[in-house]
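The structure under discussion appears below in the form of C-alpha cells.
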Amino acid sequence: MMSIILFDGECNLCNQSVVFVIKKDTENHFRFASRQSKIGNQLLDQYKIDKNIDSIIVIDNDTVYLESDAILHICKYIKRWRILFIFSIFPKLIRDVFYKGFAKNRYKWFGKKEQCMIPTPEIKKRFLE
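The sequence shown begins at -15 in my numbering and counts up by one.
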C-alpha cells in the first residue's frame, strides 16, 4: 500500500524534505503531489482538508495525517528514522505547538519559490499527475 504526501510546492524546506524522503524511502511507499497542483487540490477537496492549512499532509488508507502526526507517520516508514516515532508518546497538542511554530517560520528561515519544483526524470515517476 502506498501513502500520498501533499506538500507546499513553494516552500524550499518542503521541497528539500520531499527529495530527502524519496532518497530514504527504499521501499517506494510514498507518492507525492504539491498542494498547489491539480491532483493536490482534488485530494484536498476529496478528503475535505482546509486548503489554507499550514501543514504537510499524509493520506494513507483513507486516513489523513496532519502536522506532527504526518511527520511521525513518514518517519515510521523510513529506515533509521523509525526511532523518531517514539515522539508519538507525547500528546499531539504538545507536538503540534512545536510543529506550528516551525511551519509558521519556514519561509523566513528557508525561503520560498515562485513555482513548485520540477522533479528530475528519475523521481518524476513518484509524483502523482
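Glycine included, every Cβ here is placed at the ideal spot set by N, Cα and C.
Strand pairing of residue i, partner residues [DSSP]
| i | result |
| --- | --- |
| R15 | I(-12) |
| K96 | C(-5) |
| I43 | I(-12), V48 |
| F111 | F16 |
Nearest neighbour of residue i, chosen from the options [CA to CA]
| i | options | result |
| --- | --- | --- |
| L56 | D38, R79, D46 | R79 |
| R19 | N12, Y31, E11, T10 | Y31 |
| V5 | K60, F94, F74 | K60 |
| L112 | G95, K35, L28, S21 | S21 |
| C(-2) | K108, D29, I40 | I40 |
| L28 | T10, T104, L50 | L50 |
| N36 | S1, G24, N45 | G24 |
Sequence-distant residues of its chain with Cβ nearer than 8 Å to residue i (five each side left out)
| i | result |
| --- | --- |
| K8 | I62, K63, R64, W65 |
Close beta carbons around residue i, own chain, < 6 Å, minus the five adjacent residues each side
| i | result |
| --- | --- |
| D38 | A87 |
CB of residue i within 8 Å of CB of residue j, strictly
| i | j | result |
| --- | --- | --- |
| F94 | C(-5) | yes |
| I58 | I(-11) | yes |
| F(-9) | R110 | no |
| I67 | V48 | no |
Exposed unless 16 or more other CB atoms sit within 10 angstroms - verdict on residue i
| i | result |
| --- | --- |
| L77 | exposed |
| I70 | exposed |
| M85 | Reading the sequence as shown, one finds Gly at residue 85 and not Met. By the neighbour-count rule (16 or more Cβ atoms within 10 Å), G85 is not buried but exposed. |
| I43 | buried |
| D46 | exposed |
Same chain only: Cβ atoms within 7 Å of residue i, ignoring 5 sequence neighbours per side
| i | result |
| --- | --- |
| H13 | M(-14), S(-13), Y61 |
| R90 | C(-5), L(-3) |
CB contact check: residue i to chain C, cutoff 8 Å
| i | result |
| --- | --- |
| I55 | Looking at the structure shown, chain C is missing, and only one protein chain is on hand. |
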